[in-house]
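S.K.:
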Amino acid sequence: TTERPRCLPSRVGALRGARTVMLPTVGPCIVFVCQFMHLLPSYYQLNALIMCGRKDEEWTFRSSMLQAQVLTVLAEIAWSALHPRTLPPGACALAALLHACLQGLHLTLAFGAPQGGYRYGLALPLQLAALLVLIPVTQVGNNDALQRRISPARYKMLGFLAAVVVAVASLLWPGALGNPR
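In full-length UniProt numbering, the protein residues as written are 1 to 181.
(1) Leaving out five residues before and five after residue 47 in sequence, what residues of the same chain have Cβ atoms less than 8 Å from its Cβ?
(2) Using only alpha-carbon positions, find the residue among 28, 163, 124 that is nearest to residue 70.
(3) Could you give the residue range of the alpha helix (DSSP H) that holds residue 154?
(4) Please determine if the region 109–118 and the region 45–61 are in contact, where contact requires at least 3 C-beta pairs separated by less than 8 Å.
(5) Relative to the C-alpha of residue 134, which residue among 54, 42, 79, 56 is closest?
(6) Thinking residue 161 and residue 126 are a contact (beta carbons under 8 Å), I'd like their distance in whole angstroms, please.
(7) Is residue 34 helix, strand or coil by DSSP?
(8) In angstroms, rounded to a whole number, what distance separates the CA positions of residue 153 and residue 29?
(9) Thinking C-beta only, is residue 156 closer than 8 Å to residue 35?
Below, the structure is given as structure tokens:
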């Protein structure tokens, strides 16, 4: 088998002199985006709920998110062991779209449900479903990165840093990200 290139060269390097900048390929980008989406609730959405005065909803969201993350780790390990090959790209695209819809519905309820309308019994299944459908998408990114002999860990760290930057920016400059306070 022929080894695929780790990164695609970019012409940006020509502007900086002799160095060529290497842009990440699809696999690392998927790893980064999945990690960012996985961490965004922890670092941004929970803060936003508190800043909007929805402390009960924040506690419900936090509890459901943490329990869903624990269950999802176990499901991801089982999925990788039972189904090491990735699903077709169309199925993964549909899974990513479904994740976005479920997460959007969950956030709409957390921020917009009337007092007492957003409960743990509703939050946990929504959060769990949103994370479970993301497993095959994450698997595509991890498998692609590993086939290219690139560590997915560095792109997970970049996803973590991006989520932290968004959260800190929203706390230091609330108006910058559209927060009313």
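Even glycine gets a Cβ: it sits at the ideal position worked out from N, Cα and C.
M.R.: Quick answer:
(1) 167, 170, 171
(2) 124
(3) Unbroken alpha helix (DSSP H) run through residue 154: 152–172.
(4) Touching, yes.
(5) 79
(6) In fact, because the Cβ distance is near 27 Å, the residues do not count as touching under 8 Å.
(7) helix
(8) 12 Å
(9) yes
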